[in-house]
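Numbering (this note's numbering), first residue to last: 70 to 462. Yeah, the Cβ is synthetic: ideal placement off N, Cα and C, and Gly gets one too. Since the structure comes first, as structure tokens, the remarks are kept for the end.
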């Protein structure tokens, strides 16, 4: 068995490593480094260091994807079978100059990454969700589920949690909206951040939670850890999938229940996506002020329909969802993506409509050229946030 490096020649596996392999032991940083122990004379110190880095990436890391994951601008890396790699650096997907090999090479990489994440990926379990070291979120799917070949999707977490000031400076919202979002947090209003996939929901929620008073305790419930929060008192609960025997699953519903016994000053559900909506609404109706989460929705107006659909998964009728929702959630902040940018599109109030059904009424909307459009619910929102309704943000 030999390892090949384009820049440094061919290196044989050392007897020490062969002994570990025969004993069924997994590779480690130390063992990988030992492969090149005797090559310093041939390669030189810089050559050995480079070869060790390459070998570690191939054995312990993401292989040829490592440079992309190390790029601080990259948020997503997508491998489409053997047809290429695409990345998102914040301005939409573009093709990357990265060779991952043919379909078999992509499959081997997917299986290895799943193993690193402690998950199983094979013909009997052809798709996987997991978390890689460093917080990179992995999703991979194999044929025949993926018709054209193995696919890998990697979501890269932010290394530094941006603040609301940072987002305002980047143009996510105008400086006038900054005081509205800050007041939303300081006044302990309950809210949801809605938007489509990749619209920046998690980034905005993390920035808003960074504004919470340092004396408050945040309990975060997530399917996979994604929220980056600059706050001194954060407790995280993460769901667990079933093992290969189909046992041991711990879902978000159970975690939300457990979180209520942990004295949260703020209960945060990273993404409301299923039956846990019942426990979340119940918690927000029983004195847990300032709770929040994210929700997939195409527009702010779709939020009520999304809650109805999720409530149905928990066995709740639309009327039950309406009654809970009206007293549980006060504000909807909708984000969207357009022209390669992410921005806050609407800040709205959840109010009772003429027919008694909850309605999302716009308070602030981003205009066509980025100007602020005042909506009918602005006086209500200003009252909630103790702001002057006569002063336009």
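Backbone CA spacing between residue i and residue j [nearest angstrom]
i	j	result
residue 423	residue 252	28 Å
residue 409	residue 137	19 Å
residue 357	residue 185	37 Å
residue 131	residue 182	7 Å
residue 374	residue 343	14 Å
residue 382	residue 221	29 Å
residue 302	residue 265	29 Å
residue 202	residue 225	11 Å
residue 156	residue 270	19 Å
residue 430	residue 446	6 Å
residue 450	residue 180	50 Å
residue 239	residue 300	21 Å
residue 310	residue 166	34 Å
residue 444	residue 367	19 Å
residue 208	residue 457	47 Å
Member of the options whose CA lies at the smallest distance from the CA of residue i
i	options	result
residue 315	334, 189, 287	189
residue 257	263, 268, 282, 234	282
residue 215	416, 148, 225, 456	148
residue 386	366, 370, 426, 401	426
residue 205	194, 191, 213, 228	228
residue 170	161, 153, 162, 160	153
residue 235	224, 318, 275	275
residue 453	255, 156, 232	255
residue 437	448, 285, 413, 449	413
residue 401	389, 359, 388	359
residue 415	277, 250, 304	250
residue 411	443, 278, 177, 273	273
residue 161	277, 428, 142	142
residue 365	340, 353, 351, 323	340
Cβ neighbours of residue i in the same chain (closer than 8 Å, five flanking residues each side left out)
i	result
residue 237	243, 244, 246, 247
residue 441	243, 245, 246, 433, 434, 435, 461, 462
residue 378	none
residue 455	252, 256
CB-CB length for residue i against residue j, believed under 8 Å
i	j	result
residue 268	residue 406	5 Å
residue 260	residue 399	6 Å
Own chain partners of residue i with C-beta closer than 7 Å, once the 5 adjacent residues on each side are dropped
i	result
residue 328	288, 290, 306, 336
residue 346	376, 379, 380, 383
residue 168	133
residue 294	200, 204, 305, 307
Beta-carbon proximity of residue i to residue j, cut-off 9 Å
i	j	result
residue 164	residue 144	no
residue 420	residue 369	no
residue 349	residue 372	no
residue 263	residue 403	yes
residue 297	residue 230	yes
residue 355	residue 338	no
residue 198	residue 292	yes
residue 233	residue 172	no
residue 332	residue 286	yes
residue 353	residue 323	no
Same chain only: Cβ atoms within 6 Å of residue i, ignoring 5 sequence neighbours per side
i	result
residue 217	150
Near the ligand MN: residue i beta-carbon under 8 Å from a heavy atom
i	result
residue 149	As presented, the structure is devoid of all ligands, the ligand MN included, so that no description of it is given.
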